[in-house]
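In order, the protein sequence lines correspond to chains A and B.
Residue 94 in the working numbering is what sits at position 94 of the first sequence, and the numbering runs on without skipping anything.
Residue 111 in the working numbering is what sits at position 111 of the second sequence, and the numbering runs on without skipping anything.
Written below as structure tokens is the structure these notes are about.
2 protein chains.
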Amino acid sequence: MREHDLPEIRALELFRTMSEESFAELMHAAYLQTFPTQVQLISEGDLADFLFILLEGRVELLGSTAGRETTMAIIKPFGTFILAAVLMDAIHLMSARTTEKSRVLMIPARNIRDLLAKDGDFARAIVVELSSCYRAVVRDQKNLKLRSSVERLANRIISLHNAQGATGTVILPYDKKTLASLLNMTPENLSRAFGTLKAYGVQVDNERICLSDLTGLETLAQPNRLIDERV
Amino acid sequence: MREHDLPEIRALELFRTMSEESFAELMHAAYLQTFPTQVQLISEGDLADFLFILLEGRVELLGSTAGRETTMAIIKPFGTFILAAVLMDAIHLMSARTTEKSRVLMIPARNIRDLLAKDGDFARAIVVELSSCYRAVVRDQKNLKLRSSVERLANRIISLHNAQGATGTVILPYDKKTLASLLNMTPENLSRAFGTLKAYGVQVDNERICLSDLTGLETLAQPNRLIDERV
DNA sequence: CCGGGTCTTTGATTCAGATCAATCCTTCCC
DNA sequence: GGGAAGGATTGATCTGAATCAAAGACCCGG
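Okay, structure coming up:
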């Protein structure tokens, strides 16, 4: 553990409310690791040995079956991942892989569960974290079941636009292949969906997107706070 | 509260570990209600006022946007629903509607949150409940993103078959319209999917399904414990 | 600077699933 | 019993998206 990161970790929702001692204990047990890009951190089906907290970089969560694979989510700093599996002492439902050089804090599952058992405040913090993870997946599911792929793309652009300060320009935070998989479409189809959105003032230049008709885009997308509102 | 139901409620994962007093307090605040079929219990967008526990009957959770609607889940006794919204003091992401005459225990959200704040064991019980809800949605999402509609149907039949004792016969626990929406397909397409499965020994007679070639069906479905294993 | 790899785009074609339409069937209510 | 209403099935057609194929664009290592 580098001392340097401690304040940021301590400030996380999950750790903010716990006692100094408990926090020190967890950090003492934790490993700080730096991984190159494209490293498989977790394989679905394995037991959850560590809780992961991403300090720097980017991590992709993947699901697969029968030889197919899909991107389930992208984790940014300072997100935690696979908390539920750790708590349940269960098997990972998703794999995780770095998509950039990443710095990751790994806390042994054992320590998390021990602390959960004895620290009520920690349990409450976990409740909050889990609730928002749950609600995020529910939103995602609604997005998937209720919208066409062009609508999903349009709404994703609007969300990113808002998250980036609504300046009229959006920078895609991941490559198009990954975006396609997140939105459950093929890269080819994503390309065509961008083509469709040209008519709604969406100009694409590599990872830079310019929006010149936000109203039109929103009319098409019909953003819904029960789906798109970032938490 | 009818005394009669208390033991069953007390036995629920969520309440098993809490103190007698806390439990008594919750039950004292709770309302027991019987609703006819097709009653809207919750509307998405509303604030979460109550935690719901289904004692008898069946409840459908629905998501909607832009005039479209989809079935997100079916709750059976003794399931809880919309726990996450209650805990976060947030807005419902899903609506709920009875699909049969149902008996429902309603606990004021206020009481749940108060108890969460003071009872560490309750917090831990909630952690377990939330974790499994979360993992259930993740499984669902993988199912949706990684499989075709025929595969989803085939796997659903296999799951139900296992859950019902693997006797070679499955009884559909909901009507086909609902099943279609759960599996994210139209009723017409569900009908055709059943047609496709005839070649794999699936005989449909109203809600009764007979399986005569389980091996063949499984070869098609490729069931995966990380998606289909019921918790 | 070259060559190979990956990512992206574009075009042609196919396919899964939706939609539209008609019929049949059950249920249920007068 | 009869008829209305909703559910399920079946057929014809349409469409959104996947697949197949090929060509550019970009990056990276030698």
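Glycine included, C-beta positions come from ideal geometry on N, C-alpha and C.
May I have the straight-line CA-CA distance separating E229 (chain B) from L93 (chain A), to the nearest angstrom? Distance between the alpha carbons of E229 (chain B) and L93 (chain A) is about 11 angstroms.
Inspect the beta-carbon positions of L211 (chain A) and G201 (chain A) and report whether they are closer than 7 angstroms. A contact, by the Cβ cut-off of 7 angstroms.
Residue-chain proximity (Q203 (chain B), chain A), Cβ-Cβ < 7 angstroms: no
Is the number of C-beta pairs between the region 101 to 112 of chain A and the region 46 to 65 of chain A that are closer than 8 angstroms three or more? Output reads yes: the region 46 to 65 of chain A touches the region 101 to 112 of chain A.
Inter-residue spacing [alpha-carbon to alpha-carbon] between L47 (chain A) and D89 (chain A): The straight-line gap from Cα to Cα measures roughly 7 angstroms.
Counting Cβ pairs, one atom from each stretch, are 3 or more of them under 8 angstroms apart for the region 135 to 144 of chain B and the region 212 to 219 of chain B? no
Going by C-alpha to C-alpha distance, which of A:M72, A:D49, A:E188 sits closest to A85 (chain A)? A:D49
Check the Cβ-Cβ distances between L211 (chain B) and every residue of chain A, and say whether any is below 7 angstroms. The beta carbon of L211 (chain B) sits no closer than 7 angstroms to any beta carbon of chain A.
Which residue spans inside the region 70 to 117 of chain A form an unbroken alpha helix (DSSP H) run of at least 4? Every unbroken stretch of the alpha helix (DSSP H) spanning 4 or more residues and falling wholly within the region 70 to 117 of chain A is given here in chain order: 83 to 88.
Report the partner residues of F52 (chain A) according to the DSSP bridge assignment. A:F81, A:M106
Any beta carbon from chain B within less than 7 angstroms of L130 (chain A)'s own beta carbon? yes
In terms of DSSP beta bridges, what is G63 (chain B) paired with? Per DSSP, B:T70.
Q203 (chain B) bridges to which residues according to DSSP? B:C210
Specify the secondary structure class of L41 (chain B) as computed by DSSP and reduced to three states. Here L41 (chain B) sits in strand by DSSP.
Is it buried or exposed, T71 (chain B), if we count other Cβ atoms within 10 angstroms and call 16 or more buried? buried
Let me make sure I understand the geometry here. Which of A:V39, A:S43, A:V59, A:T65 has the alpha-carbon closest to that of S148 (chain B)? A:T65
Compare the beta carbon distance of L226 (chain B) and E188 (chain A) with 7 angstroms and say whether it is the shorter of the two. no
Quick check on this structure: which residue in B:R152, B:Y174, B:P173, B:L160 has the alpha carbon closest to the alpha carbon of T196 (chain B)? Comparing Cα-Cα distances from T196 (chain B) to each of B:R152, B:Y174, B:P173, B:L160, the minimum goes to B:R152.
Positions along the region 175 to 191 of chain B whose CB lies within less than 7 angstroms of some CB in chain A: Those residues of the region 175 to 191 of chain B that come within reach of chain A (Cβ to Cβ, closer than 7 angstroms) are N184.
Chain B contact for V138 (chain A) (CB, 7 angstroms cutoff): yes
Taking Cβ-Cβ distances shorter than 8 angstroms, what residues in chain B pair up with L116 (chain A)? Neighbours of L116 (chain A) on chain B, chain order: R124, V127.
Just how far apart, CA to CA, sit A123 (chain A) and V127 (chain B)? A direct Cα-Cα distance of roughly 7 angstroms separates A123 (chain A) from V127 (chain B).
DSSP beta-bridge partners for T169 (chain A)? Bridge partners of T169 (chain A): A:C210.
L83 (chain B) to D205 (chain A), Cα distance in whole Å? 43 angstroms
Taking beta-carbon pairs under 9 angstroms, can you tell me which members of the region 31 to 56 of chain A lie near chain B? For the region 31 to 56 of chain A, the set of residues with a beta-carbon nearer than 9 angstroms to any beta-carbon of chain B comprises E44, G45, in chain order.
Nearest-angstrom beta carbon gap, R110 (chain B) and L87 (chain B) [assumed within contact, 8 angstroms]: That pair is no contact at about 12 angstroms.
May I ask you to report which of helix, strand or coil DSSP gives Q141 (chain B)? helix
How about E129 (chain A) and E13 (chain A): are their beta carbons less than 7 angstroms apart? yes
Could you work out which residues of chain B lie near R68 (chain A), taking near to mean beta carbons separated by less than 7 angstroms? L146
Proximity below 7 angstroms, CB of A154 (chain A) to CB of L217 (chain A): In contact: A154 (chain A) and L217 (chain A) (Cβ atoms closer than 7 angstroms).
How many Å lie between G79 (chain B) and A73 (chain B) at the Cα? 11 angstroms
Bridge-paired residues (DSSP) for Y31 (chain A): A:M106
Since M106 (chain B) and Y31 (chain B) are thought to touch, with beta carbons under 8 angstroms apart, how far apart are those beta carbons, to the nearest angstrom? 5 angstroms
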